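If you count by this note's numbering, then the sequence shown holds residues 55 to 429, one letter each, in order. Structure first, commentary second.
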Amino acid sequence: MHFFHYRIAIKVLKSKLFLWSTGPVLVFGTIILVYFSSIKDFPVFPNNQIFDYKFYSDSTAGGNSKILKKLVTDSVIKLDYQISNQIGTPYAGINIGPKESKSINLGHYNQLKIRLEGREINGVGIALVTQNSIKKDNGTSPEILFYHIFKISSGINTYKISTDKFEIPDWWGESNRIENASTIKPDLKNLETINVSSAFTANTGKTQSIEIYSMAFSRNNKPLIIFVIVLELLFILLFFAALYLVENIREKKQTITITYKAIENKTIESSKSDFVDFINNNFHNSELTLDLVSGETGVSQRRITNDIQNQFGCNFKTYINRLRINESKRLLLDKELNIGEIAFKVGFNNQSHFNRVFKSELQISPTEYREKHKI
Numbered sequence: 055m056h057f058f059h060y061r062i063a064i065k066v067l068k069s070k071l072f073l074w075s076t077g078p079v080l081v082f083g084t085i086i087l088v089y090f091s092s093i094k095d096f097p098v099f100p101n102n103q104i105f106d107y108k109f110y111s112d113s114t115a116g117g118n119s120k121i122l123k124k125l126v127t128d129s130v131i132k133l134d135y136q137i138s139n140q141i142g143t144p145y146a147g148i149n150i151g152p153k154e155s156k157s158i159n160l161g162h163y164n165q166l167k168i169r170l171e172g173r174e175i176n177g178v179g180i181a182l183v184t185q186n187s188i189k190k191d192n193g194t195s196p197e198i199l200f201y202h203i204f205k206i207s208s209g210i211n212t213y214k215i216s217t218d219k220f221e222i223p224d225w226w227g228e229s230n231r232i233e234n235a236s237t238i239k240p241d242l243k244n245l246e247t248i249n250v251s252s253a254f255t256a257n258t259g260k261t262q263s264i265e266i267y268s269m270a271f272s273r274n275n276k277p278l279i280i281f282v283i284v285l286e287l288l289f290i291l292l293f294f295a296a297l298y299l300v301e302n303i304r305e306k307k308q309t310i311t312i313t314y315k316a317i318e319n320k321t322i323e324s325s326k327s328d329f330v331d332f333i334n335n336n337f338h339n340s341e342l343t344l345d346l347v348s349g350e351t352g353v354s355q356r357r358i359t360n361d362i363q364n365q366f367g368c369n370f371k372t373y374i375n376r377l378r379i380n381e382s383k384r385l386l387l388d389k390e391l392n393i394g395e396i397a398f399k400v401g402f403n404n405q406s407h408f409n410r411v412f413k414s415e416l417q418i419s420p421t422e423y424r425e426k427h428k429i
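Here it is in structure tokens:
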């Protein structure tokens, strides 16, 4: 049976239908991965041709935090500041926005990379401000604020932040009457501003600083790669299973047809004994043994062996092989069946054994027999 299933599996894998159906799926998946992998990072800093870099503090909100030093060069944006407790949530930060347009389309990207160093601070907050494409009723802001706070380590480090981590703050959602604000993700097709701030750092009385060495939007393609591979494998496995099932049913129908065909046997004398009839009707079963025949017919193994020797002049195994070879001679005249299929249909587990027995009985190989009796 293992040979039967293996043969069908190989036949399905080599079939034109399987190859022509799965090939385009693999090609299409590869094209998608190549396309998204070819998208280059979009630099935010340094990129002064497109962006302006400004600084802000809580002074516009009634606070008294002070900007001590601000610097923008081709290699760094630096902000030194001192927090004041005059308001409940003091802050200072860096504002980055496009120069000529109100918004910029970064819809292909799903990750923000920033290389920075912070002094006397434990965390940094980044805000992405986009156009409000959800609701534009009277009293609703034309913009949406998305915010994310992350911890930083000492020294200069690169941080990669998925855009899915940016969320609308509760206070913003409530004040702008945005329903289900926690489920809304940034629409980078309409990005207006990026703010990098002190993330509500406590007042230590010391000068604090943020230094940005690079910032860019990029693509993290790992989730996409996993998704495409899983989807392709699922399609291939399901399609293979469907073709295998169809082919398996078709093969079984062919096997049953041959099982109940009358067997021409000109060289072996027929017998009316029950066990001989059982053997003649079941010789194609590769698991047919003396023990099985005895169990199914109720005739002892000794009697079966003696009767076959007396009537046919051979032992049990030789008698079955002669029946199988006799049936294979008929099947070899069918050009649609290959040698391996014929070997299986008459009860042999593999073609090599069939070839040896056939040549031993007839002194020619199955291939030579087919050529000799070609119609």
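For glycine and all other residues, C-beta sits at the position ideal for the given N, C-alpha and C. All of these numbers come straight from a predicted model, not from anything done at the bench.
- Here Arg357 is exposed: its Cβ has fewer than 16 other Cβ atoms, across all protein chains shown, within 10 Å.
- Distance from the CA atom of Phe82 to the CA atom of Asn274, rounded to whole angstroms, is 20 Å.
- Beta-bridge annotation (DSSP): Thr261 is not paired with any residue.
- By alpha-carbon distance to Gly172, the top candidate from Thr261, Glu233, Leu385, Val98 is Thr261.
- Using a C-beta cut-off of 8 Å, the region 87-99 makes no contact with the region 222-233, since fewer than three inter-stretch Cβ pairs fall below that distance.
- Each residue's CA atom was taken as its position, placing Ser340 and Ile333 some 12 Å apart.
- Runs of the alpha helix (DSSP H) lying entirely within the region 67-144, each at least 4 residues long, are 70-91 in chain order.
- With a beta-carbon spacing of about 5 Å, Thr76 and Ile290 fall inside the 8 Å limit used to define contacts.
- Counting other Cβ atoms within 10 Å of its Cβ, Ser229 stays below 16 and is therefore classed as exposed.
- It is roughly 43 Å from the alpha-carbon of Leu287 to the alpha-carbon of Glu422.
- Ile303 carries a helical assignment under DSSP once its states are collapsed to helix, strand and coil.
- In the pairwise beta carbon analysis, the region 109-117 is classified as touching the region 140-147: at least three pairs are separated by under 8 Å.
- Going by DSSP, Phe332 is part of the alpha helix (DSSP H) stretching over 328-336.
- Judged by DSSP secondary structure, Gln355 falls within the alpha helix (DSSP H) whose first and last residues are 355-366.
- Here His202 is bridged, per DSSP, to Ile180.
- Nearest to Lys156 by C-alpha distance, out of Thr184, Leu170, Ile137, is Thr184.
- Val250 places its beta carbon 8 Å or farther from that of Ile175.
- Excluding its 5 nearest sequence neighbours in each direction, Ile158 has C-beta neighbours in its own chain below 7 Å: Pro152, Leu245, listed in chain order.
- If one requires a minimum length of 4 residues, the alpha helix (DSSP H) runs lying completely within the region 206-230 are 224-229, in chain order.
- Residues Phe337, His338, Asn339, Ser340, Leu342, Ile374, Arg378 of the same chain have their beta carbon placed closer than 8 Å to that of Gly401, with the five preceding and five following residues left out of the count.
- The beta carbon of Gly116 sits closer than 6 Å to those of Ile141, all from its chain and outside the five residues before and after it, given in chain order.
- Cβ contact annotation for Trp225 (same chain, cutoff 8 Å, sequence separation greater than five): none.
- Here His407 is exposed, its C-beta having fewer than 16 other C-beta atoms within 10 Å.
- For Ala270, the pairing in a beta bridge is given by DSSP as Pro97, Lys167.
- In the displayed model, Thr343 falls within coil according to three-state DSSP, outside both helix and strand.
- Using a Cβ distance threshold of 8 Å, Leu278 and Tyr163 do not count as a contacting pair.
- In this model, Lys205 and Ile215 are separated by some 12 Å (Cα to Cα).
- In the three-state reduction of the DSSP assignment, Pro152 falls in the strand class.
- Residue pairing for Ile158: DSSP places it in a beta bridge opposite Leu245.
- Within the model, the alpha-carbon separation for Val88 versus Arg410 is close to 53 Å.
- Within its own chain, the residues whose Cβ lies closer than 6 Å to the Cβ of Thr247, once the five positions on either side in sequence are excluded, are Gly151, Val183, listed in chain order.
- Annotation: the continuous alpha helix (DSSP H) that includes Val411 extends over 405-416.
- Excluding residues up to 5 positions away in sequence, Gly83 lie with their Cβ nearer than 8 Å to the Cβ of Leu285 in the same chain.
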